[in-house]
Amino acid sequence: MEEKSKSLGDVTKNVHHVIQGEYFVSDDPSIVLTTILGSCVATCLCDPVARVGGINHFLLPNGDGKDGMEFRYGILSMELLVNGLLKMGASKSRLEAKIFGGAAMNNGLARIGESNSQFAVSYLSNENIKCLSKSLGGINARRVRYVPTTGQAQQMLVSEQSADELSSAKRLVKAEPDVTLF
Amino acid sequence: MTLKVLAIDDSKTIREMLRHTLSQGGFEVHVADDGVDGLEKLECVGPDVVITDINMPRLDGFGVIEKIRSQKVYSALPILVLTTESAQDLKERAKNSGATGWVVKPFDDEKLIHAIKRITVG
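Chains as they are written, first to last, in our numbering: chain A, 1 to 182; chain B, 1001 to 1122.
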């Protein structure tokens, strides 16, 4: 559902909220994307020439690390976002990133926030995507607002109560891998 | 005999993951950065199976499949699509272009290796 908002400039913006496990891309200059992050990480990507951008919001599953599956869901989230932008005319070489989140919400999720952050930084570096800024870690949840067509971002720290609510948010659901032989 | 895999994907992260996973599975792995690079490496590698992404710059996965199938010598070469896409119409297009199978990311190591072995059994 979209609502109206006036910030990130004086123009009234349509707001689209991106929840955990989702991604969203847009070339609509009237839209602002929002998300609320605890241990999760959001990658905000923009091609300032094509004026398209988007956000993902991921939380790596807490696997045992033996099979690397937890990283594959992060990679999937990144690929969906990048591919979505390329389909809208973006060039991978022009993409500019801003990353947020990865807070240590409580003892149980402290390691996960750090792991999410490390993954995002490492992925962007590996793919040669320029990271303009990052706000990662700490103990507070974050509310992020992002204009996909310009790459403008705002961050606001969220209260402890909201952080507790976020820490109990549902985890990324593992989809069954799909193999089809023709 | 060690089977040779040519993995075509524009994501370095995915290429590294495939190289690691398939090497552990006993395959000889060669990688290419996109469709054009994949076709250039096809002849020198002489793979037993090709794994290709769909969304790539310069030449996408459908183009790769069509170019490979246009050469008689590769008419029976198994081609597995590995992609984030899961739409039925895209699967049908790949099948009609000559793909042998379709795997949706994130892939499971064992299932991917099993699929490769199934389609390369002579």
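For glycine and all other residues, C-beta sits at the position ideal for the given N, C-alpha and C.
Cβ closer than 9 Å: which chain A residues qualify as neighbours of residue i?
i              : result
residue 1100/B : 181 and 182
residue 1091/B : 180 and 182
Starting from the beta carbon of residue i, find every residue of chain A whose beta carbon is closer than 7 Å, and list them in chain order.
i              : result
residue 1023/B : Under the 7 Å cutoff, chain A gives no residues; its nearest Cβ is about 14 Å from residue 1023/B.
residue 1095/B : 182
Do you know whose CA, among the options, lies nearest residue i's CA?
i              : options                           : result
residue 53/A   : 133/A, 182/A, 146/A and 142/A     : 146/A
residue 81/A   : 1020/B, 1079/B and 1085/B         : 1085/B
residue 1116/B : 71/A, 114/A and 179/A             : 179/A
residue 79/A   : 1022/B, 1069/B, 1009/B and 1001/B : 1009/B
residue 1102/B : 17/A, 181/A and 129/A             : 181/A
residue 118/A  : 60/A, 93/A and 150/A              : 60/A
residue 138/A  : 129/A, 102/A, 56/A and 122/A      : 102/A
residue 14/A   : 87/A, 28/A, 92/A and 44/A         : 28/A
residue 1002/B : 1023/B, 1118/B and 1094/B         : 1023/B
residue 1062/B : 1026/B, 1014/B and 1100/B         : 1100/B
residue 1083/B : 1055/B, 1068/B and 1007/B         : 1055/B
residue 128/A  : 95/A, 100/A and 33/A              : 95/A
residue 196/A  : 131/A, 135/A, 150/A and 151/A     : The question about residue 196/A has no answer, for chain A in this structure spans 1 to 182.
residue 120/A  : 42/A, 150/A and 149/A             : 42/A
residue 100/A  : 50/A, 34/A and 26/A               : 34/A
residue 97/A   : 72/A, 36/A, 116/A and 123/A       : 123/A
residue 1015/B : 1041/B, 1051/B and 1046/B         : 1051/B
residue 148/A  : 154/A, 25/A, 111/A and 17/A       : 25/A
Three-state secondary structure (DSSP) at residue i?
i              : result
residue 1085/B : coil
residue 1001/B : coil
residue 51/A   : coil
residue 98/A   : strand
residue 1108/B : coil
residue 126/A  : helix
residue 1146/B : Since the first residue of chain B shown is 1001 and the last is 1122, residue 1146/B is not available in this structure.
residue 144/A  : strand
residue 44/A   : strand
residue 1121/B : coil
residue 1037/B : helix
residue 76/A   : helix
residue 60/A   : coil
residue 169/A  : Annotation note: pLDDT 45 at residue 169/A (below 50); position unreliable, coordinate value reported separately. Correct three-state label for residue 169/A: coil.
residue 152/A  : coil
residue 35/A   : strand
residue 119/A  : helix
residue 178/A  : strand
residue 24/A   : strand
residue 10/A   : Any reading at residue 10/A must be qualified, since the residue scores a pLDDT of 48, below 50, and its modelled position is unreliable; no value is offered.
residue 1007/B : strand
residue 82/A   : helix
residue 1116/B : helix
residue 30/A   : coil
residue 1101/B : strand
residue 1023/B : helix
residue 135/A  : strand
Would you mind telling me which residues of chain B sit closer than 9 Å to residue i, beta carbon to beta carbon, in chain order?
i            : result
residue 75/A : 1011, 1013, 1014, 1017, 1105 and 1106
Could you list which residues in chain B have their beta carbon closer than 8 Å to that of residue i, in chain order?
i            : result
residue 72/A : 1017, 1105, 1106 and 1107
residue 79/A : 1011, 1014, 1084 and 1105
residue 86/A : 1055 and 1057
For a contact meaning CB atoms closer than 8 Å, what does residue i contact in chain A?
i              : result
residue 1041/B : Those do not exist, as residue 1041/B stays about 21 Å from chain A at its closest Cβ, beyond 8 Å.
residue 1119/B : 181
residue 1115/B : 179 and 181
Anything in chain B within Cβ reach of residue i, meaning under 7 Å, just list it in chain order.
i            : result
residue 83/A : 1055 and 1084
Report whether the distance from the Cβ of residue i to the nearest heavy atom of the ligand SAH is below 6 Å.
i            : result
residue 98/A : Inclusion of the ligand SAH in the displayed structure is not the case, the ligand content being empty and no account of it being possible.
Compile a chain-ordered list of the residues in the stretch 111-133 of chain A whose CB is closer than 9 Å to at least one CB of chain B.
Those residues of the stretch 111-133 of chain A that come within reach of chain B (Cβ to Cβ, closer than 9 Å) are 122, 123, 126, 127 and 128.
What residues in the stretch 1046-1069 of chain B have a beta carbon less than 8 Å from any beta carbon of chain A?
1055 and 1057
Contiguous beta strand (DSSP E) assignments of at least 3 residues, all confined to the stretch 1030-1078 of chain B:
1049-1052
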